[in-house]
Ligand SMILES: Nc1ncnc2c1ncn2[C@@H]1O[C@H](COP(=O)(O)OP(=O)(O)OP(=O)(O)O)[C@@H](O)[C@H]1O
Ligand SMILES: Nc1ncnc2c1ncn2[C@@H]1O[C@H](COP(=O)(O)OP(=O)(O)OP(=O)(O)O)[C@@H](O)[C@H]1O
Ligand SMILES: [Mg+2]
Ligand SMILES: [Mg+2]
């Protein structure tokens, strides 16, 4: 097996003293789709936030590409720019859909025309072509979810972390999006997918990790 | 057929001039479970908000129990107290779970002990026994969704409007909650259910209504 | 700088002294400013909520107007209230000029736009689902408004604290309509103005320190209120 | 009340007159107060964000302290800055006393706790997911902070407007460290104080009206800024 | 620049707006004058934050000089204090000698509004009560703690008696703001002398001795005294020069 993309070693995360995650050893291979399953409160979102470098573990080590992660500063930002999380309840900025989808590109210094082009392509991918000028926070639930997905896809990240991406999507969009995800590994993108839509997840994933009470289930 | 619980006649709702809902004629029978389906942006949430008396139609009439609805004031509140909506992205108050679940009961002037009892029962129903003292806004996505459901169930409403209630629920909780819903008509509760989990919805519902572009699909 | 260090020490000694004149000033300041803030809040909080929670034509203009009224000079408010209450003014018959009641009125007018603008901002920044959630759980409009305030309690209390700070530190309106009459309408700020005009800077500082300690007590009390709000 | 109506009319005539002395006062007021707010905001906005976005022991106490500092009397700030800048004070060598620079400094000190407390409140009321969203889309910490401000822009601008209102209406600090010197450190409020002390209430009102018109212009400009922020 | 800390009466009457530009024109020196009142003016001077002070409280000035804070104190001008009251004059003091008038006020327990600050006017008022042998402890005797103009407005509203300098009173009267009448005036006891002095350069090295002296010379010299004599507000003289000028 090649060098894993993420390696967790003895990672523990507590909230108010309560253990939410405790993973002795877990690796994620590059270029694969891994599904993470488990009941509510198992620690799936917590795991994704740690992998997204948004939450620091209280204990243990997280290696990315075999390397320790910087604690802060420009290097951490550089790592974060390879990874993108679509959160379980994604937040859309109070701005146009276009601006939301182009936000990450703007941060990366991409020129305006290129940004517009990429944003439009990402919106088309999720079936929201033409939604650019609409105010993001006034969309329907499924439309918002799709904007969040487009916003992540537009970045063409090395790692895509998806937390319940199918929630609120209509059946047709879910199917479309399933095809999009399935195609990502071929483009070199590693996907880690949390979903209660078990069938969909199992269809997509090369590997399934099950969490229970913050720990890996046997 | 007995008197319908809700009757919509020529109901139109626009957002920024755009038609989001346009329903020539639609009735919901009392004591039934009705499923509402349709693609993202079809107007399902808009319809539920109108039925919850949170949104006033721009045009047309909504009858409840065969009667016109008061525009505001104590009478409107009285009607609203028979109906409860669990929103697509439910908002939990920044307080304890207990307080969230008991909130509606407190508004109805229920005594403290009775409130506590009912809230505990509702939490147990959704598998969150013992979660009362936790801060609602720090729960996991599925846990939050279940608190929102418990908060509505605690009110024992005459009409329960559910907008994607299964999103974020783990498979076991979803099954439990399906049973809870299935039992509601026997208690005299009318349920209108919006869900993209088509199988689940069809299993539960006596009737399916399909929306498309704000209109009833044939 | 000697008056600075000396003033702080004197302020603390003043606190300990239990001097009836100074405590009288403290009590009046507190009474006038708290009354003014409460009076203003009774109108400003509902108004801020109303503007913040609804969309209507002219809303933006209204917001700009309230933000502008934050720049209402205290002396101008003092002048207008003076003009109203003067024995030549339309309300002269009430004989309110140079009484604490007049000061409360003037300070309430000052606090009103500030509290309105800040509550409005707080409510606008808040998650828009709060009111609907309360309503569908059976709240009346007033109860839903209360729920909104409760969710924004941190910012609402900051708005009230800002209003309180505004009026307890202001001197222009208080002196104009109160008159800075010893043992009657002399507040901390008018007393400080008097002492500095006398050239007794250390006494001015001392009174200022006393005032800050008083404000700290008020804010600690409000903080406890906030902690128990839910 | 005649001075009231007369004052308003005179204020509008003053605006139209283009009288160089009054316009000089307007320009100085604007320059001093805007500089003070910008100076204060440069420290207060980041600090408010920092406190609001992080959890740490002592946070609540810090919030209470800032809410208390809202009750910092202008005269006391004036006294402290005066003590620092006085020839006998530690910074006397800078020769800043009785200059516009001294007024900017004093007003910045006044605006600082207000802006901090209000930005803090705004950020606390805001949806907590904003910063994480920006970060995961590739923002640096500074860019994420900017995203938070942008989402809370309405309340942040209200905080700045409140700070501006606080300093452009205050008179105690400006007169203490500026000295109300004609053609040099005379602002609207010190001029109003002077005119009312002369008994010319109508002129006081007139200047107040002028000041409000100026504040309206500033707020309209800020409003346009806000509209274009995103 | 030269910093002049001054009483409010000289500045508010407009006198300095004439005097100072004349000096600046003659000498080329910029003077920043700050109307702050006697008490604060002396405090500022003590902190070395002014070069020249113009005040009206002879006893305090003498002490100020004796303590080494000021030097070169010179008489500048004088005018009069006046006892004012409601035109109906319920205590019947009109035209009386000052001491007698004050005793009447006390007997009648008439409302009296005092400055209650450390202004020259207040110091004068205290001296007058003392000379009249009256204790001011009846409830109608109130301390307003404000500037002269504000006290006039208040006394008018409260229908109280008060002591004022003639300049501020005339000015207020001329703008038509107050109904207070001049009841006791023009007595030697009521004289109100203004002086100027330099802040002691031996204590305050920043003091601009040459320019300050030039200002003192100008103000107390023929040109300054002439301007003071000619100064009119509402057609009436407000100040009488210390050195009577020949016409
Ligand atoms: N900020 C927080 N403060 C306190 N407890 C938290 C916080 N975030 C999560 N938790 C708790 O940690 C546990 C794991 O939460 P997490 O969100 O990772 O669950 P999850 O597996 O994503 O669940 P779900 O399927 O419901 O989304 C839960 O018990 C949750 O209540
Ligand atoms: N507040 C609003 N302002 C403007 N447009 C709105 C607003 N709310 C909804 N819409 C639009 O109205 C249409 C119907 O929205 P609605 O939320 O009812 O859809 P839905 O059927 O619930 O979709 P979903 O399955 O995505 O939840 C959508 O096109 C949406 O963008
Ligand atoms: Mg989760
Ligand atoms: Mg919906």
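Chains as they are written, first to last, in the numbering used here: chain A, 42 to 259; chain B, 42 to 259; chain C, 1353 to 1582; chain D, 1353 to 1582; chain E, 454 to 700. Glycine included, C-beta positions come from ideal geometry on N, C-alpha and C.
Proximity test, residue i beta-carbon vs ligand 1 heavy atom, cut-off 7 Å
| i | result |
| --- | --- |
| residue 1549/C | no |
| residue 180/B | yes |
| residue 209/B | yes |
| residue 260/A | Outside the displayed range of chain A (42 to 259) lies residue 260/A, so it cannot be described from this structure. |
Any non-hydrogen atom of ligand 4 within 7 Å of residue i CB
| i | result |
| --- | --- |
| residue 197/B | no |
| residue 129/B | yes |
| residue 86/B | yes |
| residue 204/B | yes |
Per-residue contacts from residue i into chain C (C-beta, under 7 Å)
| i | result |
| --- | --- |
| residue 1521/D | 1423, 1424, 1425 and 1426 |
Interface residues of chain C facing residue i [CB-CB closer than 8 Å]
| i | result |
| --- | --- |
| residue 1476/D | 1506 and 1507 |
| residue 618/E | Neighbours of residue 618/E on chain C: none; closest Cβ ~16 Å, over 8 Å. |
Residue i Cβ short of 7 Å to ligand 2 heavy atom set
| i | result |
| --- | --- |
| residue 134/A | no |
| residue 81/B | yes |
| residue 57/B | yes |
| residue 183/A | yes |
Contacts that residue i makes with chain E (C-beta to C-beta distance below 8 Å)
| i | result |
| --- | --- |
| residue 1439/C | 610 |
Contact list for residue i against chain B, beta-carbon separation under 9 Å
| i | result |
| --- | --- |
| residue 130/A | 130, 182, 185 and 209 |
Chain D contact residues for residue i, given Cβ-Cβ distances below 9 Å
| i | result |
| --- | --- |
| residue 68/A | Those within 9 Å of residue 68/A in chain D number zero; the least Cβ separation is about 22 Å. |
| residue 135/A | 1502, 1503, 1505 and 1582 |
Neighbouring residues, chain A, relative to residue i (Cβ below 7 Å)
| i | result |
| --- | --- |
| residue 1482/D | 132 |
| residue 1495/D | 148 |
| residue 214/B | 81 |
Residue i: contacting residues in chain E (beta-carbon distance under 9 Å)
| i | result |
| --- | --- |
| residue 1457/D | Neighbours of residue 1457/D on chain E: none; closest Cβ ~16 Å, over 9 Å. |
Contact list for residue i against chain D, beta-carbon separation under 8 Å
| i | result |
| --- | --- |
| residue 192/A | 1489 |
| residue 1469/C | 1510, 1513 and 1514 |
Residue i: contacting residues in chain A (beta-carbon distance under 9 Å)
| i | result |
| --- | --- |
| residue 75/B | Under the 9 Å cutoff, chain A gives no residues; its nearest Cβ is about 18 Å from residue 75/B. |
*Using a beta-carbon distance cut-off of less than 9 Å, what residues from the segment 1542 to 1553 of chain D approach chain E?*
So the list reads 1546, 1548, 1549, 1550, 1551, 1552 and 1553, given in the order they occur along the chain.
*In chain order, what residues of the segment 194 to 212 of chain B put their CB closer than 7 Å to some CB of chain A?*
So the list reads 205, 208, 209, 210, 211 and 212, given in the order they occur along the chain.
_With a threshold of 8 Å, are at least 3 pairs of Cβ atoms found where one atom belongs to the segment 1492 to 1501 of chain D and the other to the segment 1393 to 1410 of chain D?_
Verdict: yes, contact present.
*Does the segment 492 to 499 of chain E come close enough to the segment 540 to 556 of chain E to have 3 or more Cβ pairs within less than 8 Å?*
In short, these stretches do not touch, since the Cβ pair count stays below three.
*Decide if the segment 1482 to 1498 of chain D is in contact with the segment 114 to 122 of chain A; the criterion is three or more beta carbon pairs, one per stretch, under 8 Å apart.*
Yes, since at least three Cβ pairs between the segment 1482 to 1498 of chain D and the segment 114 to 122 of chain A fall closer than 8 Å, the two stretches touch.
*asked:* Any C-beta of chain E within less than 7 Å: which residues of the segment 1368 to 1389 of chain D qualify?
replied: Answer in chain order: no residues at all.
_the segment 1356 to 1363 of chain D / the segment 1430 to 1439 of chain D touching (three or more Cβ pairs under 8 Å)_ = Segments in contact, no.
*With 8 Å as the limit, tell me which residues of the segment 110 to 125 of chain B have their beta carbon closer than that to any beta carbon of chain A; keep them in chain order.*
Listed in sequence order: no entries.
*Please confirm if the segment 155 to 164 of chain B is in contact with the segment 48 to 65 of chain A, defined as three or more CB-CB distances below 8 Å between the two stretches.*
No, the segment 155 to 164 of chain B is not in contact with the segment 48 to 65 of chain A.
*Can you find at least 3 beta carbon pairs, one from the segment 1474 to 1488 of chain C and one from the segment 1467 to 1482 of chain D, that sit closer than 8 Å?*
The segment 1474 to 1488 of chain C vs the segment 1467 to 1482 of chain D: in contact.
*Return the residues of the segment 1558 to 1580 of chain C that lie within a Cβ-Cβ distance of less than 7 Å from chain D, sorted by chain order.*
Residues 1560, 1563, 1564, 1567, 1568, 1571, 1572 and 1575.
*Return the residues of the segment 1401 to 1425 of chain C that lie within a Cβ-Cβ distance of less than 9 Å from chain B, sorted by chain order.*
Flagged: no residues at all.
_Below 8 Å, how does it come out for the segment 1424 to 1431 of chain D and the segment 1509 to 1524 of chain C: are there three or more Cβ pairs, yes or no?_
Yes: at least three Cβ pairs fall under 8 Å.
*asked:* Beta carbons nearer than 7 Å to chain C: which residues of the segment 137 to 165 of chain B have them?
replied: Residues of the segment 137 to 165 of chain B whose Cβ lies closer than 7 Å to any Cβ of chain C, in chain order: 140, 144, 145, 148 and 149.
*How about the segment 620 to 639 of chain E and the segment 546 to 556 of chain E: do they share at least three Cβ pairs that are nearer than 8 Å?*
The segment 620 to 639 of chain E makes contact with the segment 546 to 556 of chain E, as at least three CB pairs between them are under 8 Å.
*asked:* For the pair the segment 1526 to 1539 of chain D and the segment 1412 to 1421 of chain C, tell me if three or more CB-CB distances fall below 8 Å.
replied: These segments do not touch.
*Could you run through the segment 1531 to 1542 of chain C and flag, in chain order, every residue whose CB is less than 9 Å away from some CB of chain E?*
Hits within the stretch, in order: 1531, 1532, 1533, 1534, 1535, 1536, 1538 and 1542.
*Does the segment 564 to 577 of chain E come within contact of the segment 1549 to 1558 of chain C, defined as at least 3 CB pairs closer than 8 Å?*
With the cut-off at 8 Å, the segment 564 to 577 of chain E and the segment 1549 to 1558 of chain C touch.
*Hey, is the segment 131 to 140 of chain A in contact with the segment 173 to 180 of chain A, meaning 3+ C-beta pairs nearer than 8 Å?*
The segment 131 to 140 of chain A makes contact with the segment 173 to 180 of chain A; the number of CB pairs closer than 8 Å reaches 3 or more.
*Residues of the segment 75 to 95 of chain A whose Cβ lies closer than 9 Å to any Cβ of chain B, in chain order*: The residues in question are 78, 79, 80, 81, 82, 83, 84, 85, 86 and 87.
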